[in-house]
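Below is one structure, written out as structure tokens; the observations come after it.
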Amino acid sequence: MPPLQTAVGTARKGLRIDDDVRFLRSWIEKPLAIGAVMPSSKPLARAMASYVDPHGTGKVIELGPGTGAITEALVEHGVDESRLVLVEFNSNFCRLLRARYPAATVIQGDAYRLRGLFGDFLRGEVSAVVSGLPLMTKPLRARLRLLNEAFGLLQPGGPFIQFTYSVVSPIPRSLARVRTEASERIWLNLPPARVFVYRRG
1 MPPLQTAVGT ARKGLRIDDD VRFLRSWIEK PLAIGAVMPS SKPLARAMAS
51 YVDPHGTGKV IELGPGTGAI TEALVEHGVD ESRLVLVEFN SNFCRLLRAR
101 YPAATVIQGD AYRLRGLFGD FLRGEVSAVV SGLPLMTKPL RARLRLLNEA
151 FGLLQPGGPF IQFTYSVVSP IPRSLARVRT EASERIWLNL PPARVFVYRR
201 G
């Protein structure tokens, strides 16, 4: 392998380890807010990104990007960085995201309160919402409110993409009246996860 590629690979591996440490530290401080011990694995992040149209014209909102594992997969998938709107509660993660993705819009705030964050801004102009939020730690009412507020921002047919460690959907189809599709279990993640995609029914 050429020396430059070796150096780049080593640098990326170092960043990944640093991100793991940051994530673990934040999880220890606020386990229910972070909801994961480690950042999403590359296979899970790629699975999430695969449901986003890289040629769309609308914004792509990512909820709870953390250190940017899924963000990186979105960019690698072909989503223009300037289309990304990253909503993150943790101020340290926000600083990290602004440094890594300078063309993206990073908003520090509560991703469970999209209406309060955006109001009518971006209404109907969002191509996809990608969520790394720990929905299963929230009451069902909060999950349904989040989904409804996300649909208020999404273009017709736009996906709300969510991963979960649970074997069941975080959003009961019968209550939300949504069209649902699910990925196979992604075993190369800690813990194993599954991607659910919701579209307005």
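Read in order, the letters of the sequence shown are residues 1 to 201 in UniProt numbering. Cβ coordinates follow ideal geometry from the N, Cα and C atoms, glycine included.
Query: Own chain residues within Cβ distance below 7 Å of residue 157, not counting five before or after; Result: 199
Query: Supposed close pair residue 178, residue 48 - CB separation, criterion 8 Å; Result: With 8 Å as the limit, residue 178 and residue 48 do not qualify as a contact, their Cβ atoms being about 18 Å apart.
Query: In chain order, each alpha helix (DSSP H) run of at least 4 residues that lies wholly inside the stretch 39-111; Result: 42-49, 69-77, 91-100
Query: Same chain only: Cβ atoms within 8 Å of residue 192, ignoring 5 sequence neighbours per side; Result: 165, 185, 186
Query: C-beta atoms of residue 86 and residue 96 nearer than 8 Å; Result: no
Query: Residue range of the alpha helix (DSSP H) that includes residue 150; Result: 140-153
Query: Residue 131 - partner residues in DSSP beta bridges; Result: 63, 162
Query: Bounding residues of the beta strand (DSSP E) (the contiguous stretch that carries residue 200); Result: 194-200
Query: In DSSP terms, what residue 180 is bridged to; Result: 198
Query: 8 Å contact criterion, which residue 63 and residue 169 should meet: CB distance rounded; Result: Actually they do not touch by this definition, with Cβ atoms about 17 Å apart.
Query: Short Cβ contact (8 Å threshold) for residue 155 with residue 126; Result: yes
Query: First and last residue of the uninterrupted alpha helix (DSSP H) at residue 114; Result: 114-118
Query: Assigned exposure category for residue 71 - 16 Cβ within 10 Å defines buried; Result: buried
Query: Any 3 or more C-beta pairs closer than 8 Å across the stretch 133-151 and the stretch 37-46; Result: no
Query: Environment of residue 174 [buried if 16+ CB atoms lie within 10 Å]; Result: exposed
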